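Below you'll find the structure, written out as structure tokens, and then a few comments.
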Amino acid sequence: MSAGPLDRDSGNNPPTITASVAGVFAGFGILVAIGLGWTLARSVAGQPPFQLATGPGGAVTLSAASAEPPTLTVAARDISFDNKTLNVAGPGLVNFVVSNTGAIEHDFTIDIPKVKIAPRPGQRATGAVTFEKPGTYSFYCSLPGHREAGMEGKLIVGTGAGLSSKVEAASTAAPAAPTPTMVSHASSATPPVRGNQPIQPVMDGAVKVFSLTASVVQWEIIPGVFSEAWAYNGQVPGPVIRVAEGDRVRVTIKNQLPDTTVIHFHGPELPNSMDGVADVTQPPIPVGGSFTYEFKATPAGTYIYHTHQNSAVQEPKGLMGALIIDPAPASAEAVRDAKFDRDYLQVLGEFGGYFIMNGHSFPATDVMEAKVGERVRIRLINAGQAAHPMHLHGYHFKVIGTDGRPLPEGAIYLKDTLNISPGERYDIEFVADNPGVWVFHCHILSHVTNQGVDPGGMIAVVKVV
Ligand SMILES: [Cu+2]
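As structure tokens, this is what we get:
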């Protein structure tokens, strides 16, 4: 299996499931960058959905616990920094989180002490450096012409206690009014962790053993916006369990949640005792307890695993993931699958008041890339509680599988908008013969907002180059 859990071609291309917002910016260019900037600007103004830490007087602050080094966040765009004056209370170690919200290369450079942080367009990068003395330090973008164009500012290190002191507001000036290109200062966290990471089994003889732990984590939906998640292995969706038809599969689950739980494997043909329905096929797994499921993987297809206890509460908190059973070698399905150059997964749902695809809302959703002429499959799973009519721009696609099972040749049909009800799966296919940056989005238009702010929610980009 390749690095991208579902990508056959990751040797030459970025892993599919871990593709980040970078491609969004690369694809949409400045126009969308400005649009995003506007969206994020709402957060600076205290408008939903971006919940920012603001300091006294509403100034954007540097978040730092009293015993931790301060973290400064700064965004480079085309062609300026969003904040020209940064402050820390006193000498000591300072962490930097630098976002590049523009469409071209930038860096954040200080000569003495030396630090250079260079996030790619659409990405963030972090760094840290120790300031020994109070004073005013210049920062700038070192790319030719950028400093001259205005990409510079100053970092004022005060005379306070530094490391252990409370960090002052980022700017001594009153907070600037949002402008259409202002971006969020909220991104003091690392870029969102991705769900759907492939999990490697441990072999016990011929049995593939997968270990899951369900626990409470804080999940970053879009940069700077967190919500409590109940997650398998710290991810929303949980890790992709991928096996081959006929494999003997064992899944152990440790329950570190504050509630009892179970796992139901949604779709494959299991013995009843392994069906994972609390109080029907098994007692709930106690808090602190564990349970082992074991079954033969059949038939091949795209499936879900999810909680089946107190489901209306537990599943929307994140207790769901994909189970993929690959067809047996040389089977008709295996021959069909061999045609796909790209194999993407999109798990739909709702989480923390947001509409998500693979655990994130636009613009933090995954980018699905393809080269012109490649054959692309997208496995769609609705693990949420609402139906989502998913519309692809630029293409009609073939619906080749429903609920994990392949459609016979004569039953395959063409769509450009496919309504997906909770619990359903569809496999769709198209040949990427129409280059461009196309959106694939839910057509219930409130679902393409982040708590009312458009664009957001269930938008993922298909980038055909
Ligand atoms: Cu929807």
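Note that my numbering has the sequence shown beginning at 909, numbered continuously upward.
The beta-carbon is built from N, C-alpha and C at its ideal position, and this holds for glycine as well.
Keep in mind that this is a model prediction, so the values were computed, not measured.
CB-CB length for residue i against residue j, believed under 8 Å
i, j, result
"C1049", "F1004", "At roughly 14 Å, the Cβ-Cβ gap does not stay under 8 Å, so C1049 and F1004 are not in contact."
"L1165", "V1124", "7 Å"
"W1138", "Q1222", "6 Å"
"N1141", "I1107", "7 Å"
"A1230", "I1289", "6 Å"
"F1305", "G1365", "Contact flag wrong, Cβ pair sits at about 21 Å."
"L1001", "A1036", "6 Å"
"T1210", "R1102", "Actually they are not in contact, since the Cβ atoms of T1210 and R1102 sit about 19 Å apart, beyond 8 Å."
"G1257", "G1292", "3 Å"
"H1216", "H1268", "Incorrect: roughly 25 Å between the Cβ atoms, too far for contact."
"I1308", "L1315", "6 Å"
"M1298", "C1350", "6 Å"
"V1195", "V1185", "That belief does not hold up - the Cβ atoms of V1195 and V1185 are roughly 19 Å apart, past 8 Å."
"V1284", "E1332", "Incorrect: roughly 20 Å between the Cβ atoms, too far for contact."
"P1042", "T1009", "That pair is no contact at about 31 Å."
"Y1213", "H1174", "7 Å"
"D1167", "N1218", "6 Å"
"D1341", "V1280", "6 Å"
"A1236", "E1153", "4 Å"
Inter-residue spacing [alpha-carbon to alpha-carbon] between residue i and residue j
i, j, result
"S1329", "G1312", "14 Å"
"P1158", "S1181", "Sequence inspection shows Arg at residue 1158; the Pro mentioned does not correspond to that position. Cα to Cα, R1158 sits roughly 13 Å from S1181."
"L1063", "I1367", "37 Å"
"V996", "V1065", "5 Å"
"K1247", "D1274", "23 Å"
"H1355", "I1020", "47 Å"
"G1260", "I1130", "11 Å"
"R1055", "G998", "26 Å"
"Y1303", "H1296", "18 Å"
"V1339", "Y1252", "14 Å"
"V1110", "R1244", "29 Å"
"M1228", "K1204", "20 Å"
"I1384", "D1335", "One cannot answer for residue 1384 here, as it falls past the ends of the chain, which runs 909 to 1373."
"I942", "P1207", "The predicted position of I942 is uncertain, since its pLDDT is 37 and thus under 50; a value taken from the coordinates is nonetheless stated next. Rounded to the nearest angstrom, the two C-alpha atoms are 47 Å apart."
"V1023", "F1134", "29 Å"
"I1193", "P978", "42 Å"
"P1029", "H1014", "8 Å"
"F989", "A1272", "21 Å"
"T1034", "Y1262", "27 Å"
"P1191", "G1197", "11 Å"
"G1113", "G1146", "25 Å"
"T1044", "P1100", "32 Å"
"M1265", "F1348", "11 Å"
"F1047", "Q1031", "19 Å"
"P1026", "V1006", "Per the sequence presented here, residue 1026 reads as Ala, with Pro not at that position. Distance between the alpha carbons of A1026 and V1006: 8 Å."
"V1151", "S1239", "15 Å"
"D1362", "K1371", "21 Å"
"Q1359", "E976", "32 Å"
"G1061", "D1183", "60 Å"
"T981", "K992", "11 Å"
"D1249", "V1115", "29 Å"
DSSP state of residue i mapped onto helix, strand, coil
i, result
"A1186", "strand"
"K1022", "coil"
"P1224", "helix"
"R1285", "strand"
"H1355", "helix"
"S1219", "helix"
"V1170", "coil"
"R1244", "helix"
"S1239", "coil"
"N1163", "strand"
"N1180", "helix"
"C1049", "coil"
"K992", "coil"
"Q1254", "strand"
"N1003", "strand"
"R1158", "strand"
"H1014", "coil"
"V1037", "strand"
"G1364", "coil"
Within-7 Å CB hit, residue i to chain C
i, result
"D1311", "You won't find chain C in this structure, because it holds only one protein chain."
Give the residues whose C-beta lies closer than 5 Å to at least one heavy atom of ligand 1, in chain order. With 5 Å as the limit, the residues whose C-beta approaches a heavy atom of ligand 1 more closely than that are H1296, C1350, I1352, H1355, in chain order.
For the segment 1103-1155, list the alpha helix (DSSP H) runs that are entirely contained and at least 4 residues long, ordered along the chain. Taken in chain order, the whole alpha helix (DSSP H) runs of length 4 or more contained in the segment 1103-1155 number zero.
Scan the segment 1262-1332 and note each continuous beta strand (DSSP E) run of 3 residues or more that stays entirely inside, going in chain order. The DSSP assignment places 1262-1265, 1275-1278, 1283-1290, 1296-1300, 1305-1310, 1321-1323, 1325-1328 as complete runs of the beta strand (DSSP E) inside the segment 1262-1332, in order along the chain (cut-off: 3 residues).
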